[in-house]
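419 is the number that my numbering gives to position 137 of the sequence shown; each next residue is one higher, with no gaps.
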Amino acid sequence: KSATHDTVSATVYDNVGSNYLLYLGTYNGEIGGGTDPGGDEDVEPQHITGLTIEQFLGDQKPTAGYLAIYELEGVWVPTGSSDDKYGNGLLVDPETGKSIVIYGLADSVSACVWDSRTQKYTFTNPQKYQDLLTQMQPGDKIKVGGVWESGYGGELKAYFISREEVKANITYEIKTEIDADKGSVSLSKESGFIYGDEVTVTVTVNAGMKIVEVKFNDEVIKAESDGKTFKVTVAAGPNKLVVTLASESEKTTKTITLDFTNDKTGLPSILGYETNVQKQFEFGDDVTKLKFQSFGATKQKASTSASEYKYLFLNGGSAYVANTEAVKGAITKIEVTVPKGSAGTAKYAVKLSSTSLLEHQTSEDAVSGNNSENVVITVTADEADGMCFFNISQCTSGKNGQIAKVVITYVEA
283 KSATHDTVSA TVYDNVGSNY LLYLGTYNGE IGGGTDPGGD EDVEPQHITG
333 LTIEQFLGDQ KPTAGYLAIY ELEGVWVPTG SSDDKYGNGL LVDPETGKSI
383 VIYGLADSVS ACVWDSRTQK YTFTNPQKYQ DLLTQMQPGD KIKVGGVWES
433 GYGGELKAYF ISREEVKANI TYEIKTEIDA DKGSVSLSKE SGFIYGDEVT
483 VTVTVNAGMK IVEVKFNDEV IKAESDGKTF KVTVAAGPNK LVVTLASESE
533 KTTKTITLDF TNDKTGLPSI LGYETNVQKQ FEFGDDVTKL KFQSFGATKQ
583 KASTSASEYK YLFLNGGSAY VANTEAVKGA ITKIEVTVPK GSAGTAKYAV
633 KLSSTSLLEH QTSEDAVSGN NSENVVITVT ADEADGMCFF NISQCTSGKN
683 GQIAKVVITY VEA
């Protein structure tokens with residue numbers, strides 16, 4: 283240290299792990315006076331263990347800002363994105379299916395240490411992701427530590443602690459629901475399901491009955507070519523199979539859900555800022571072609587900063603999404619969810635029609651922008667009207683509309 287008149291400057295080096303961190307402090311007046319870079323009051327470091335993922339997300343509100351370390355156990359499940367090779371993905375509670383997003387495992391640490399000067403935890407001793415991923419495979423139960431980051435809906439910046447169990451040692455159940463008076467269901471395997479198992483489901487209907495819908499973990503699944511067998515993949519956590527049967531003479535109501543926040547629909551991944559794109563999608567046993575005249579966007583990831591990447595863009599006042607192949611029945615309701623906080627004030631037009639030319643139509647306009655809650659635009663029609671086409675457009679020039687979800691309810695022809 284050196285002194286000039288009444289000012290003392292000090293340069294302090296601390297060895298934290300293998301990294302030397304530089305701190306500069308200037309003290310005026312007497313030696314030992316002034317304020318250190320960490321502030322006047324010390325923050326008590328927190329290292330919290332023993333929580334389940336459900337407790338972590340619920341009663342225990344996570345502390346953001348690198349002020350607390352949380353140790354959690356769960357099953358590692360990749361999301362199907364390119365980031366999976368780096369150990370990013372979901373940490374899933376195998377008992378409840380509750381999950382949190384984790385990232386940073388690949389280039390993370392063997393520990394986090396508390397830095398008394400910055401009053402935060404800091405990561406040390408980076409590991410190479412190749413070494414980490416030789417220990418950890420999808421479906422394994424692992425223990426991680428990490429700090430909670432509130433951005434992007436909340437994620438755990440994690441470091442790998444240990445591999446607790448391999449996936450072969452963790453089994454799950456598949457619970458089935460079916461009206462036994464109308465039919466039965468059998469599985470190619472009755473118990474001992476592990477993550478990633480492919481199971482064949484066979485539905486047998488009684489005389490005069492038909493299969494209306496089969497859902498696995500709340501997702502509609504399509505029948506194989508024989509119309510009675512279905513294939514499902516076991517997920518980490520509770521698995522549920524629901525089979526709906528009805529009389530062959532009974533008209534049934536179905537729904538098609540276009541969820542632009544859910545990778546499972548396949549919708550977000552096909553829209554990389556393209557215009558005039560026509561794609562075919564399958565929803566259970568129904569097939570519809572959708573045409574997009576818009577700037578599409580992929581699901582939001584930690585590496586992106588724009589929140590609108592999570593939704594479908596309808597750009598500039600003339601963009602739309604519509605079906606070019608008739609829905610197999612009469613649409614009775616369409617619900618369009620505009621996400622909260624959409625930038626700017628945009629006007630939307632939602633239309634149902636009996637022809638692809640949008641003739642004989644019913645429609646609803648709605649204005650939404652900078653809204654604190656999601657806005658749902660709903661249009662209804664009578665079955666007798668025979669509405670089998672829809673069109674959702676953004677009508678405000680110079681504005682970017684956003685859509686989070688579209689749910690189409692129709693009576694099967």
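For glycine and all other residues, C-beta sits at the position ideal for the given N, C-alpha and C.
Remember, predicted model here, so these are calculated numbers, not experimental data.
| Asked | Found |
| --- | --- |
| Opposing strand residues paired with Tyr441 [DSSP bridges] | Gly427 |
| Proximity below 7 Å, CB of Lys492 to CB of Glu459 | no |
| Close beta carbons around Glu617, own chain, < 6 Å, minus the five adjacent residues each side | Val658, Thr660 and Val689 |
| Bridge-paired residues (DSSP) for Ala666 | Partner(s): none; Ala666 has no beta bridge. |
| Option in Ala517, Tyr403, Val632 and Gly611 with minimal Cα separation from Lys449 | Ala517 |
| Separation of Gly379 from Leu354, as counted between CA atoms | 14 Å |
| Alpha helix (DSSP H) segment containing Thr335, residue limits | Reading off the sequence, residue 335 comes out as Ile, not Thr. Ile335 to Leu339 is the extent of the alpha helix (DSSP H) around Ile335. |
| Residues near Asp500 by beta carbon distance below 8 Å, same chain, minus five either side | Lys522 |
| Exposure label - Lys504; buried when at least 16 CB within 10 Å | exposed |
| Cβ-Cβ distance between Tyr602 and Pro621 below 7 Å | no |
| Endpoints, the beta strand (DSSP E) within which Ala489 is located | No beta strand (DSSP E) contains Ala489, which DSSP labels as neither H nor E. |
| For Lys656, the three-state DSSP class (helix, strand or coil) | Checking the displayed sequence, the identity of residue 656 turns out to be Asn instead of Lys. Three-state DSSP puts Asn656 in coil, outside helix and strand. |
| Alpha carbon of Tyr454 to alpha carbon of Phe574, nearest angstrom | 40 Å |
| For His329, the residue or residues it bridges with in DSSP | Ile351 |
| Cutoff 6 Å; reference Thr535; Cβ partners in own chain excluding five residues on either side | Val693 |
| Per DSSP, the bridge partner or partners of Val359 | Leu372 |
| Distance CB(Lys687)-CB(Thr619) smaller than 7 Å | yes |
| CA-to-CA distance, Gln328 to Gln401, given in whole angstroms | 11 Å |
| Where the beta strand (DSSP E) containing Lys380 begins and where it ends | No beta strand (DSSP E) contains Lys380, which DSSP labels as neither H nor E. |
| Range of the contiguous beta strand (DSSP E) that encloses Gly465 | Gly465 to Leu469 |
| Ala450, DSSP secondary structure in three states | helix |
| Distance CB(Ala608)-CB(Cys677) smaller than 7 Å | no |
| Buried versus exposed, by CB contacts within 10 Å (16 or more), Asn488 | exposed |
| Option nearest Gly519 by Cα separation, candidates Glu377, Lys610, Asn451 and Lys439 | Glu377 |
| CB of Thr482 within 7 Å of CB of Ser470, strictly | yes |
| Range of the contiguous beta strand (DSSP E) that encloses Gln684 | Asn682 to Ile685 |
| Collapsed DSSP secondary structure at Ser645 in the structure displayed | strand |
| Simplified DSSP assignment, three categories, for Phe475 | strand |
| Gly611 burial status per 10 Å Cβ neighbour count (16 or more: buried) | buried |
| Under 7 Å between C-beta atoms of Glu506 and Thr526 | no |
| Proximity to Asp667 [Cα-Cα], best of Gly680, Leu634, Leu639 and Ile685 | Leu634 |
| Alpha-carbon spacing of Ser466 relative to Lys510, whole angstroms | 11 Å |
| For Lys504, the three-state DSSP class (helix, strand or coil) | coil |
| For Lys513: DSSP bridge partner residues | Thr482 |
| Local Cβ density within 10 Å of Leu540, reported as buried at 16 or more and exposed below that | buried |
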